[in-house]
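Those protein sequence lines, which keep their order, are chains V and U. Using my numbering, the first residue of the first sequence is number 1, and each one after it goes up by one. Using my numbering, the first residue of the second sequence is number 219, and each one after it goes up by one. Ideal Cβ placement from N, Cα and C applies to all residues, glycine included. Only a predicted model underlies this, so the values are computations on that prediction, with no experimental measurement involved.
Protein chains: 2
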Amino acid sequence: MTSKAAAVPDKPESRQERKERTRRAILDAALEMLADEGFGSLSLRALTKAAGIVPTAFYRHFSTLDELGLALLDESFMTLRGLIREVRGGDPAPETLIDRSVDVLSVQLEEHKAHFRFIGRERQGGNAVLRDAIRHELSLFERELATDLARMPGLERWGAADLHVLASLFVDLMVAAAGELVGPAADHPATRKELVDNLRNQARMIVVGAAGWEPLDR
Amino acid sequence: MTSKAAAVPDKPESRQERKERTRRAILDAALEMLADEGFGSLSLRALTKAAGIVPTAFYRHFSTLDELGLALLDESFMTLRGLIREVRGGDPAPETLIDRSVDVLSVQLEEHKAHFRFIGRERQGGNAVLRDAIRHELSLFERELATDLARMPGLERWGAADLHVLASLFVDLMVAAAGELVGPAADHPATRKELVDNLRNQARMIVVGAAGWEPLDR
DNA sequence: ACTTTCAGTGAACATTCGTACACTGAAACA
DNA sequence: TGTTTCAGTGTACGAATGTTCACTGAAAGT
Numbered sequence: 001m002t003s004k005a006a007a008v009p010d011k012p013e014s015r016q017e018r019k020e021r022t023r024r025a026i027l028d029a030a031l032e033m034l035a036d037e038g039f040g041s042l043s044l045r046a047l048t049k050a051a052g053i054v055p056t057a058f059y060r061h062f063s064t065l066d067e068l069g070l071a072l073l074d075e076s077f078m079t080l081r082g083l084i085r086e087v088r089g090g091d092p093a094p095e096t097l098i099d100r101s102v103d104v105l106s107v108q109l110e111e112h113k114a115h116f117r118f119i120g121r122e123r124q125g126g127n128a129v130l131r132d133a134i135r136h137e138l139s140l141f142e143r144e145l146a147t148d149l150a151r152m153p154g155l156e157r158w159g160a161a162d163l164h165v166l167a168s169l170f171v172d173l174m175v176a177a178a179g180e181l182v183g184p185a186a187d188h189p190a191t192r193k194e195l196v197d198n199l200r201n202q203a204r205m206i207v208v209g210a211a212g213w214e215p216l217d218r
Numbered sequence: 219m220t221s222k223a224a225a226v227p228d229k230p231e232s233r234q235e236r237k238e239r240t241r242r243a244i245l246d247a248a249l250e251m252l253a254d255e256g257f258g259s260l261s262l263r264a265l266t267k268a269a270g271i272v273p274t275a276f277y278r279h280f281s282t283l284d285e286l287g288l289a290l291l292d293e294s295f296m297t298l299r300g301l302i303r304e305v306r307g308g309d310p311a312p313e314t315l316i317d318r319s320v321d322v323l324s325v326q327l328e329e330h331k332a333h334f335r336f337i338g339r340e341r342q343g344g345n346a347v348l349r350d351a352i353r354h355e356l357s358l359f360e361r362e363l364a365t366d367l368a369r370m371p372g373l374e375r376w377g378a379a380d381l382h383v384l385a386s387l388f389v390d391l392m393v394a395a396a397g398e399l400v401g402p403a404a405d406h407p408a409t410r411k412e413l414v415d416n417l418r419n420q421a422r423m424i425v426v427g428a429a430g431w432e433p434l435d436r
């Protein structure tokens with residue numbers, strides 16, 4: 001097919017190019033299979049078959065299944081960090097911040113559905129290594145969010161504990177919303193709109209709470 | 219051992235008594251194993267071995283593994299409903315309601331850790347049947363919570379949409395907190411106290427938000 | 001006292017699993 | 001040019017999987 005009909009000479013393929021290509025095939029196959037099953041019940045044989053390689057070839061890229069899981073986590077948290085960066089970029093007008101954040105989340109969630117689904121699944125999943133890694137990364141994410149929030153007008157005098165309360169509320173909200181929006185129910189546009197609208201209102205109610213919040217102790 | 223040494227005559231065991239006993243053994247074994255793995259990777263052979271029966275005997279109680287999962291869900295949501303009932307009972311003074319709810323949740327969570335862990339795991343787990351069932355039950359739970367909230371002072375004039383926003387916030391918060399509190403990190407008393415304290419503050423911030431909330435449209 | 005019911009047994013099955021091992025062939029290197 | 005490296009192949013293995021079937025023996029029903 002592509003050998004002669006294609007106009008581009010796609011033949012010359014470096015050795016590490018090819019390796020990287022099958023590595024991606026493995027990662028993509030895993031992400032697709034993880035839509036139907038948990039990481040714990042992921043079969044190496046079925047995975048490699050879906051990736052188009054023979055079972056034993058897997059070990060040329062990962063020495064264990066857990067290593068594959070951690071690689072998937074790296075990818076997934078890359079996109080999660082991209083989310084916060086995209087929200088931060090542009091105008092940081094406090095008024096439009098909620099709408100902007102919800103919109104960005106909605107778009108990124110649709111674009112990298114597999115990554116967020118993976119995080120949401122394995123966050124409470126059976127594998128202890130993945131679970132702890134996700135917990136750690138999410139706490140870093142929350143911390144980063146907290147430092148951002150500290151610069152918001154009206155929150156300058158909040159203590160670390162207050163910021164933690166608010167940031168964890170937002171993270172919990174994001175995780176919960178992501179869990180809903182990656183599900184099959186969110187494919188129906190009207191249902192998806194309801195979910196996003198409710199998410200926006202939830203965020204607003206939390207912001208109202210933050211506005212009326214009197215900082216703890218001290 | 220128990221045949222002669224025991225003072226109680228534990229011999230006379232009815233047929234359905236015995237059946238119920240092994241059924242419980244299966245359910246308990248499953249709940250224990252589900253602390254380490256997802257339902258999707260639950261092995262029927264390992265399960266029946268843990269329950270003290272031969273693999274094929276499983277089918278005398280459940281015709282499929284999914285049926286076992288649904289039975290576990292029934293149990294788990296029984297305890298969840300017990301939670302809301304216990305909060306409702308006693309004095310419904312709005313002032314102490316948050317502290318009371320958090321305390322009840324903390325105790326019930328410790329007492330029925332396996333049930334809540336099961337719900338939290340399979341909520342985003344691989345099995346579509348369990349996932350949908352949990353989603354449905356949680357939406358019922360949220361609805362029930364919403365009708366309770368509708369009777370609270372200051373919320374009498376809220377619309378269904380407003381109540382949905384607040385109730386879903388509380389449910390998300392409860393699910394998130396449960397996920398943290400069933401983990402091994404919550405075994406350390408100091409860590410657990412931090413988690414519970416933060417949960418209480420999160421609930422308070424939401425309540426402040428609800429107090430300052432102006433109902434949608436109309 | 002007999003027959004029936006049925007929870008639990010035990011052997012056997014076809015699959016699927018993860019992994020070890022020796023291999024091939026082309027790219028990278030000398 | 002000849003040599004080395006190494007991603008991917010193919011076979012083979014023991015272990016574990018879910019499910020079948022005929023069975024046993026004691027409780028339940030007659």
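Close partners of A210(V) in chain U (Cβ separation under 7 Å): M423.
Contact check between the region 368-375 of chain U and the region 394-409 of chain U: fewer than three CB pairs, one atom from each, fall below 8 Å, which does not count as touching.
Under the three-state reduction of DSSP output, S261(U) falls in the coil class, being neither helix nor strand. Bounds of any alpha helix (DSSP H) do not take in M370(U), whose DSSP letter is neither H nor E. Distance check between A211(V) and each of Q108(V), G183(V), E95(V), D103(V) places E95(V) closest, using alpha-carbon atoms only. The residues V102, S106, in chain order, have a CB closer than 7 Å to that of V196(V) in the same chain once the five nearest residues on each side in sequence are set aside.
Taking L173(V) as the centre and dropping the five residues before and after it, the same chain places the C-beta of L199, Q202, A203, I206 closer than 8 Å to its C-beta, in chain order. For E250(U), the enclosing alpha helix (DSSP H) begins and ends at 233-251. The C-alpha of E17(V) is placed about 28 Å away from the C-alpha of I119(V).
In this structure, the alpha-carbon of H333(U) lies about 8 Å from that of T297(U). A straight line joining the alpha-carbon of Q108(V) with that of R117(V) spans about 12 Å. Near chain V, meaning a CB-to-CB distance below 7 Å, no residue of the region 269-300 of chain U qualifies.
In this structure, the straight-line span from the alpha carbon of R123(V) to that of R233(U) is close to 43 Å. D162(V) counts as buried, since at least 16 other C-beta atoms from the protein chains shown sit within 10 angstroms of its C-beta. The region 20-34 of chain V makes contact with the region 57-74 of chain V: 3 or more CB pairs, one atom from each, lie closer than 8 Å.
Residues of the same chain with a CB within less than 7 Å of the CB of H382(U), apart from the 5 flanking positions on each side, are A364 in chain order.
Comparing alpha carbon positions, the residue from D36(V), G40(V), K113(V), G89(V) closest to L65(V) is G40(V).
Between L286(U) and F295(U), the CB-CB gap reaches or exceeds 7 Å. For R157(V), there are no C-beta contacts with chain U under 8 Å, since the nearest C-beta of that chain is about 16 Å from it. Residues of the region 165-186 of chain V with a Cβ closer than 9 Å to any Cβ of chain U, in chain order: V165, L166, S168, L169, V171, D172, L173, V175, A176, A177, G179, E180, V182, G183, P184, A185.
Counting the other CB atoms within 10 Å of its CB gives S386(U) a total of 16 or more, which places it among the buried residues. The DSSP-derived three-state label of F58(V) is helix.
Using a Cβ-Cβ cut-off of 8 Å, R121(V) is close to Q342, G343, G344 of chain U, given in chain order. Here the alpha carbons of L83(V) and F141(V) stand approximately 11 Å from one another.
Membership of G82(V) in the alpha helix (DSSP H) is indicated by the continuous run 65-88. In the three-state DSSP reduction, N419(U) falls in the helix class (H, G or I). Interface annotation, Q326(U): not in contact with chain V, CB-CB separation never under 7 Å. In the three-state reduction of the DSSP assignment, T96(V) falls in the coil class. Excluding sequence positions up to five before and after V171(V), its CB lies within less than 8 Å of the CB of L138, F141, E142, L145, all in the same chain and listed in chain order.
Of the residues assessed, G377(U) falls on the exposed side of the cut-off, its CB having fewer than 16 other CB atoms within 10 angstroms. For D254(U) and A264(U), the gap between their C-alpha atoms comes out near 13 Å. Secondary structure of E412(U) (DSSP, three-state): helix.
Among the residues of chain V, none has a CB under 7 Å from the CB of G372(U); the nearest is roughly 13 Å distant.
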